[in-house]
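To convert a position in the sequence shown, counted from 1, into the numbering used here, add 179.
For each residue, glycine too, the CB sits at the ideal point set by N, CA and C.
It should be emphasised that the depicted structure is a prediction, and the values quoted were computed from it without experimental measurement.
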Amino acid sequence: MTKIEIIQNVYEKLGFSKKESADIVETVFDLIKEKLAQGEKVKISGFGNFIVKEKRSRRGRNPQTGEEISITARRVLTFKSSQVLRKALN
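Given below as structure tokens:
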């Protein structure tokens, strides 16, 4: 499902104009991005949790040459689905 399809569903199901639907969807995504960028956990009840994890720097190896390299510290986004979503999928 794409963002355009989400906007179309909001338009059809809630009766807002297409511009209002697009603004609503954009605002929700912007809020989620903002909170994740601040390192906060985003929990959507009945759907799941988005969590930003800190990965420390570590040593790795280039698989082609075998040369050791340094992998820098970074932040990664993880998603853990809720029990309700898991049940719906199975």
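Could you compute how far the alpha carbon of residue 191 sits from the alpha carbon of residue 220? For this step, residue 191 is matched to residue 12 along the sequence shown. For this step, residue 220 is matched to residue 41 along the sequence shown. The alpha-carbon separation between residue 191 and residue 220 amounts to approximately 30 Å.
Between residue 208 and residue 229, is the Cβ-Cβ spacing less than 9 Å? By one-based count along the sequence shown, residue 208 stands at place 29. By one-based count along the sequence shown, residue 229 stands at place 50. No, Cβ-Cβ distance for residue 208 and residue 229 is not below 9 Å.
By DSSP's criteria, residue 182 is part of a beta bridge. Which residues make up the other side? Here the question's residue 182 lines up with position 3 in the sequence shown. Residue 182 is not bridged to any residue.
Best match in 214, 267, 237 and 195 for proximity to residue 248 [C-alpha to C-alpha]: Residue numbering aside, residue 248 sits at position 69 when the sequence shown is read from its first letter. With distances taken between Cα atoms, residue 248 lies closest to 237.
Do you know offhand how far residue 215's Cα is from residue 240's? Mapped onto the sequence shown, residue 215 falls at position 36. Mapped onto the sequence shown, residue 240 falls at position 61. For residue 215 and residue 240, the distance between alpha carbons rounds to 30 Å.
Counting only the same chain and skipping the five closest in sequence on each side, list residues whose C-beta sits under 8 Å from that of residue 204. For this step, residue 204 is matched to residue 25 along the sequence shown. Around residue 204: 182, 185, 186 and 189.
Can you tell me whether residue 200 is helix, strand or coil according to DSSP? In the sequence shown, counting from the first residue as 1, residue 200 sits at position 21. Three-state result, residue 200: helix.
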